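Asks: Chains as they are written, first to last, in our numbering: chain A, 117 to 192; chain B, 5 to 146.
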């Protein structure tokens, strides 16, 4: 099982902040998004992280990972 | 090297003083560089009356610690302190504090600037503004 997290405007768009997904083989970040959100293309400027480190959309996600999707950051 | 995420208002000069008091650096540092970011009551031509700062708890700290490690590898810095506010914020309240202690001013200035720019680029915080009209909007990257 993997955990998906969504933040800020993306969380509002999707109407949820987290969910779980069972995967039986490694998937890319993009593939994970498509499994979880089949009706919505991953917004172009979305940043992606696995286990709290930034990764590209081609990164392979494994069982037990925490995957996060969020818009460009605006802290400071 | 310390990273603090504050859910309540903080006083940056008290944070700096308290942090410096517990450092065992007497006589070792010749320069302290400080950046404080404070909430404005205007943005993009609109009056802003409040803001909510969301963050990715855990990743925020992890990214800030990585940024500090990179700064330590680039410059001879003795200590640094990063404090960042989350939650509901009002104009004139501090949002962020970055402070760097080093032997000489060059390292302190450069590392402080680097830490602040990297924080803005990589630390997962998001600002939701509440305008004077009560409309809310997410701050977008400029």
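Just so you know, even glycine gets a beta-carbon here, dropped at the ideal spot from N, CA and C. A quick note: this is a predicted structure, and the numbers were derived from the prediction, not measured.
Of all the options 127/A, 121/A, 144/A, 125/A, which has the alpha carbon lying nearest to the alpha carbon of residue 135/A?
Replies: By 1-based counting over the first chain, the position of residue 135/A is 19. Ranking the options by Cα distance to residue 135/A, first place goes to 121/A.
Asks: What does residue 186/A reach in chain B if we use C-beta pairs closer than 8 Å?
Replies: For the purposes of this step, residue 186/A is identified with residue 70 of the first chain, where counting begins at 1. The contacting residues are 60, 128, 130.
Asks: Does chain B have any CB closer than 7 Å to the CB of residue 189/A?
Replies: For the purposes of this step, residue 189/A is identified with residue 73 of the first chain, where counting begins at 1. Answer yes: the Cβ-Cβ gap between residue 189/A and chain B drops below 7 Å somewhere.
Asks: How would you call residue 131/B, buried or exposed, if buried means at least 16 neighbouring beta carbons within 10 angstroms?
Replies: Locating residue 131/B in the second chain gives position 127, counting from the first residue. The residue is buried, with at least 16 neighbouring Cβ atoms inside 10 Å.
Asks: With DSSP run on the structure shown, which of helix, strand or coil describes residue 156/A?
Replies: As a first step, residue 156/A must be located in the first chain, where it is residue number 40. Residue state, collapsed to three classes: coil.
Asks: Since residue 142/A contacts residue 166/A with CB under 8 Å, what's their CB separation in whole angstroms?
Replies: Along the first chain, one-based indexing puts residue 142/A at 26. Along the first chain, one-based indexing puts residue 166/A at 50. With a Cβ gap of about 11 Å, residue 142/A and residue 166/A do not count as contacting.
Asks: Can you say whether residue 122/B is buried or exposed, counting buried as having 16 or more other CB atoms within 10 angstroms of its CB?
Replies: Residue numbering aside, residue 122/B sits at position 118 when the second chain is read from its first letter. Per the 10 Å Cβ criterion, buried.
Asks: Could you spell out the range, first to last residue, of the alpha helix (DSSP H) harbouring residue 19/B?
Replies: Position 15 of the second chain, counted from the first residue, corresponds to residue 19/B. 16-25 is the span of the alpha helix (DSSP H), which, as asked, contains residue 19/B.
Asks: Please list the partners that residue 8/B has in chain A, where partner means a Cβ-to-Cβ separation under 9 Å.
Replies: Numbered from its first residue, the second chain carries residue 8/B at position 4. Correct list: empty, because the minimum Cβ distance to chain A is about 14 Å.
Asks: Measure the C-alpha to C-alpha separation of residue 78/B and residue 154/A and round it to an integer number of angstroms.
Replies: Counting from one through the second chain, the residue named residue 78/B turns up at place 74. Counting from one through the first chain, the residue named residue 154/A turns up at place 38. Their Cα atoms are separated by approximately 44 Å.
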